[in-house]
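**Student:** Protein chains in written order, with my numbering: chain A, 6 to 348; chain B, 6 to 348.
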DNA sequence: GTACCTTATTTTAACGTTAAAATTAAGCTG
DNA sequence: CAGCTTAATTTTAACGTTAAAATAAGGTAC
């Protein structure tokens with residue numbers, strides 16, 4: 006590990022004190038123009054780079070931001086992570102990334118580590134509904150926001166999709182297509198999963214349709230989980246003609262199972278997902294879904310978080326953004342070619 | 006920002022010196038058992054957490070690892086990132102994530118930032134074939150490895166797929182299916198793209214098939230790029246009956262275009278990709294591809310990097326792992342149902 | 001000519017930790 | 001019991017930076 010050039014070394018070579026060099030680096034107006042030029046020259050020549058660690062220790066503010074997501078194999082979170090990382094880069098911040106794997110204990114641990122590194126702010130998509138991690142962050146006084154999921158800790162900025170209305174819209178779409186026996190593949194316990202469940206229930210109620218617990222099975226936000234849930238629903242003996250999946254990923258698993266049984270989509274069973282992932286529009290997939298642009302949401306969240314960090318504006322109102330969802334109809338719910346990709 | 010408990014404060018409350026507390030924290034054997042217990046108790050009670058920044062400044066070693074990838078919307082890199090982040094977490098490291106967006110200048114900038122933060126090591130999937138970033142990292146004496154791509158800088162650990170053989174296998178598969186007019190959608194300029202191109206060429210040559218520059222078009226590793234390249238190939242007037250795409254993502258774009266033109270896969274045009282992404286196995290997609298488990302590769306790369314950091318073993322041989330690729334045949338190249346998913 | 005600004009720069013101290021040196025206490029040896 | 005060894009602890013200094021205080025030089029007012 007090669008030792009890097011320090012401020013003191015540059016100072017010596019330029020024949021000034023280290024503080025003057027520091028002043029030049031930080032654009033303090035006290036420095037005489039002539040001196041500034043001299044020092045700048047030596048800075049450039051030496052290839053000097055600020056030691057972010059030392060700076061962070063002294064000023065007690067890093068330009069590190071923590072990002073905690075449940076998973077990254079779900080391409081929605083990958084998109085979100087990319088949006089966050091790039092916006093952070095643009096504004097001079099570096100992202101410390103952590104994956105909680107939907108485990109509350111892991112989540113606490115990574116949040117601790119992030120705080121240990123003196124993060125200036127944290128963006129979290131909480132896995133633990135109780136909000137222990139959020140409480141911890143708040144206790145440590147670190148600016149933060151919740152994203153795509155909400156924990157019981159209800160005292161920070163929240164950015165989420167309008168999951169309830171989205172789920173209702175999806176279910177209504179199936180009802181409008183004439184389905185009366187509609188299965189639901191739910192997510193794991195989380196605010197988002199809960200809202201989507203409630204939206205589904207509300208739509209059924211409003212339409213006066215009966216609901217059956219046998220038609221509601223929980224997946225675990227994976228393709229495999231969707232497949233298993235689909236199996237269970239199909240084997241329930243309730244003969245569903247449509248299934249609403251709380252995420253596209255799980256819908257893919259359901260499609261696997263339907264294909265394996267030789268059931269046609271949508272003639273035998275219609276399918277609609279949630280998230281409208283990139284690949285749902287592939288011609289061979291053509292999965293109807295609920296769209297809400299998570300990257301845009303993430304971008305807003307990180308931008309606002311950095312604003313808060315830099316302005317340290319504790320009086321700004323707590324943000325609560327709930328972006329609208331829109332229905333994307335594709336071949337998995339309607340047969341007429343004309344309606345395909347009516348996004 | 007709430008001030009955190011410091012070592013000195015714990016020392017005061019326990020009635021010992023700060024150094025003793027430090028010794029307890031670092032499990033130094035000099036501490037008397039009785040004292041250790043006393044201090045441990047006060048540590049726990051105060052909720053003390055090590056200040057990673059201060060520690061890093063003093064010891065000149067952080068437990069931060071930089072990860073630089075070209076993109077994250079490509080789910081292959083998302084998988085890789087997840088693998089790296091989780092293995093790093095497991096070993097007590099935190100990942101600073103950066104996206105270069107395939108821009109050499111951005112890449113240099115993020116690498117600089119990562120080094121500024123005193124990263125203990127860096128894992129990079131270089132975008133710049135010249136390897137300026139790799140040279141910079143090496144110059145700064147930071148342990149690092151290249152992954153999934155190789156730059157001209159040929160003096161570090163490299164982990165990549167056997168792209169050449171993979172591409173040859175893919176092309177041979179098409180040839181064995183009876184195709185003689187085979188298009189190629191290439192990647193952008195990179196070692197990986199180059200190797201895949203060479204594998205394609207070699208297969209054609211070996212089979213004694215003519216090659217045409219009109220059948221070789223470069224995409225940019227996006228679905229949109231694949232679509233445009235496919236258009237160009239189909240409009241060339243060379244009537245290809247099969248297309249080999251240097252990545253699954255681009256293959257998806259090609260499939261979009263084929264569907265738009267009403268061409269059947271594989272009857273009119275067969276398609277094979279590279280990377281075997283998760284969703285290529287969806288029943289409606291069924292894209293034949295070349296598989297090589299990037300997450301496994303990434304996991305090996307990060308594990309080895311951490312080993313190097315911790316053992317600081319400069320005498321260990323430079324690693325060069327080139328993992329084999331395997332052919333996955335699906336419905337996009339063969340019609341018989343029996344061969345589907347013969348992974 | 002002394003007192004008092006203003007401007008540019010330097011000196012000192014501090015952030016929280018660890019390494020190294022110094023101190024203290026206790027035990028042993030001949 | 002002087003002299004030495006060992007064990008446990010404390011003191012000092014340092015990592016590279018920035019904040020705050022101190023200094024120096026030059027100008028202005030009366």
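Just so it is clear, CB atoms sit at the ideal spot from N, CA and C, and this is done for glycine as well.
Is residue 116 of chain B helix, strand or coil by DSSP?
**Tutor:** The answer is helix: DSSP assigns residue 116 of chain B an H, G or I state.
**Student:** Around the Cβ of residue 404 of chain A, are there at least 16 other Cβ atoms within 10 angstroms (buried) or fewer (exposed)?
**Tutor:** Nothing about residue 404 of chain A can be reported from this structure: the residues present for chain A run from 6 to 348 only.
**Student:** What span of residues does the beta strand (DSSP E) with residue 226 of chain B cover, start to end?
**Tutor:** That residue, residue 226 of chain B, is in no beta strand (DSSP E); it is neither H nor E in DSSP.
**Student:** Do we get a CB-CB distance below 7 Å when we pair residue 122 of chain B with the residues of chain A?
**Tutor:** Yes, its Cβ sits closer than 7 Å to a Cβ of chain A.
**Student:** Secondary structure at residue 183 of chain B, three-state DSSP: helix, strand or coil?
**Tutor:** Reduced to three states, the DSSP call for residue 183 of chain B is coil.
**Student:** Report buried or exposed for residue 156 of chain B, applying the criterion of at least 16 other Cβ atoms within 10 angstroms of its Cβ.
**Tutor:** Under this definition residue 156 of chain B is a buried residue.
**Student:** So is residue 334 of chain A in contact with chain B if we call contact Cβ pairs under 7 Å?
**Tutor:** No, residue 334 of chain A does not count as interfacial toward chain B.
**Student:** Residue 98 of chain B and residue 65 of chain B look like a contact to me (Cβ under 8 Å); what is the Cβ gap, rounded to whole Å?
**Tutor:** The Cβ separation is near 16 Å, so there is no contact.
**Student:** Please determine, among A/93, A/178, A/116, the residue with the shortest C-alpha to C-alpha distance to residue 314 of chain A.
**Tutor:** Closest by alpha carbon: A/93.
**Student:** In chain order, what residues of the same chain lie with their CB nearer than 8 Å to the CB of residue 266 of chain A, ignoring the 5 residues before and after it?
**Tutor:** For residue 266 of chain A, where only same-chain residues beyond five positions count, the Cβ hits under 8 Å are 239.
**Student:** Check distances from the C-beta atoms of the region 136 to 152 of chain B to those of chain A and list, in chain order, the residues that come in under 9 Å.
**Tutor:** Answer in chain order: 144, 145, 146, 147, 148.
**Student:** Can you find at least 3 beta carbon pairs, one from the region 260 to 279 of chain B and one from the region 235 to 251 of chain B, that sit closer than 8 Å?
**Tutor:** Segments in contact, yes.
**Student:** Pull up the CB-CB distance for residue 75 of chain B and residue 106 of chain B, whole angstroms please, since I reckon it's below 8 Å.
**Tutor:** Between residue 106 of chain B and residue 75 of chain B the Cβ distance is about 7 Å, and since that is below 8 Å, they are a contact.
**Student:** Strictly below 8 Å CB to CB, what residues from chain A border residue 375 of chain B?
**Tutor:** Only positions 6 to 348 of chain B appear in the structure, and residue 375 of chain B is not among them; the question remains open.
**Student:** What does the alpha-carbon distance come out to for the pair residue 135 of chain A and residue 168 of chain A?
**Tutor:** Cα-Cα distance, rounded: 19 Å.
**Student:** Within 10 angstroms of its Cβ, does residue 280 of chain B collect 16 or more other Cβ (buried), or is it exposed?
**Tutor:** That one is buried.
**Student:** For residue 72 of chain A, which option in A/56, A/60, A/111, A/104 has the closest C-alpha, if you only look at C-alpha atoms?
**Tutor:** Of the candidates A/56, A/60, A/111, A/104, the one whose C-alpha sits nearest the C-alpha of residue 72 of chain A is A/104.
**Student:** Does residue 408 of chain B have its Cβ less than 7 Å from a Cβ in chain A?
**Tutor:** There is simply no residue 408 of chain B to check, as chain B begins at 6 and stops at 348 in what is shown.
**Student:** With distances taken between CB atoms, is the gap from residue 150 of chain A to residue 300 of chain A smaller than 7 Å?
**Tutor:** Against a cut-off of 7 Å, the Cβ pair of residue 300 of chain A and residue 150 of chain A comes out as no contact.
**Student:** Taking C-beta to C-beta, are residue 213 of chain B and residue 190 of chain B nearer than 7 Å?
**Tutor:** No, these two residues do not count as a Cβ contact at 7 Å.
**Student:** Within 7 Å of any Cβ in chain B, is that where the Cβ of residue 77 of chain A sits?
**Tutor:** Interface residue, yes.
**Student:** Using the DSSP secondary-structure output, state which residues sit across from residue 126 of chain A in a beta bridge.
**Tutor:** A/70.
**Student:** Taking the beta carbon of residue 329 of chain B as the centre, do at least 16 other beta carbons fall within 10 Å, making it buried, or is it exposed?
**Tutor:** It is exposed - the Cβ of residue 329 of chain B has fewer than 16 other Cβ atoms within 10 Å.
**Student:** Identify the contact partners of residue 10 of chain A in chain B, using a Cβ-Cβ distance below 7 Å as the criterion.
**Tutor:** By Cβ distance, chain B contributes nothing, its closest Cβ being about 11 Å from residue 10 of chain A, past 7 Å.
**Student:** According to DSSP, is residue 270 of chain A part of a helix, a strand, or is it coil?
**Tutor:** Note: residue 270 of chain A maps to coil in three-state DSSP.
**Student:** Where residue 290 of chain A and residue 334 of chain A are concerned, what is the direct C-alpha to C-alpha distance, given to the nearest angstrom?
**Tutor:** Cα to Cα, the separation comes out at about 12 Å.
**Student:** Along the chain, where does the alpha helix (DSSP H) containing residue 90 of chain A start, and where does it finish?
**Tutor:** That run of the alpha helix (DSSP H) goes 80 to 95.
**Student:** For residue 48 of chain B versus residue 15 of chain B, is the C-beta distance shorter than 7 Å?
**Tutor:** Cβ atoms of residue 48 of chain B and residue 15 of chain B: closer than 7 Å.
**Student:** Per DSSP, residue 327 of chain B is paired with what?
**Tutor:** According to DSSP, which records beta bridges pairwise, residue 327 of chain B is partnered with B/165.
**Student:** What span of residues does the beta strand (DSSP E) with residue 157 of chain B cover, start to end?
**Tutor:** It is not in any beta strand (DSSP E) - residue 157 of chain B carries neither H nor E in the DSSP assignment.
**Student:** Looking at the secondary structure, which residues open and close the alpha helix (DSSP H) in which residue 208 of chain B lies?
**Tutor:** Start and end: 196 to 211.
**Student:** What whole-angstrom Cβ distance do residue 176 of chain B and residue 209 of chain B have, given they're in contact under 8 Å?
**Tutor:** Contact holds; Cβ gap of about 7 Å.
**Student:** Would you mind reading off the limits of the alpha helix (DSSP H) that contains residue 217 of chain B?
**Tutor:** Run containing residue 217 of chain B: none; DSSP gives neither H nor E here.
**Student:** Taking the beta carbon of residue 316 of chain A as the centre, do at least 16 other beta carbons fall within 10 Å, making it buried, or is it exposed?
**Tutor:** With fewer than 16 Cβ atoms within 10 Å of its Cβ, residue 316 of chain A is classed as exposed.
**Student:** Between which two residues does the alpha helix (DSSP H) harbouring residue 260 of chain A extend?
**Tutor:** Per DSSP, residue 260 of chain A belongs to the alpha helix (DSSP H) from 253 to 265.
**Student:** Starting from residue 7 of chain A, find everything on chain B with Cβ-Cβ shorter than 8 Å and list it in chain order.
**Tutor:** Correct list: 144, 145, 146.
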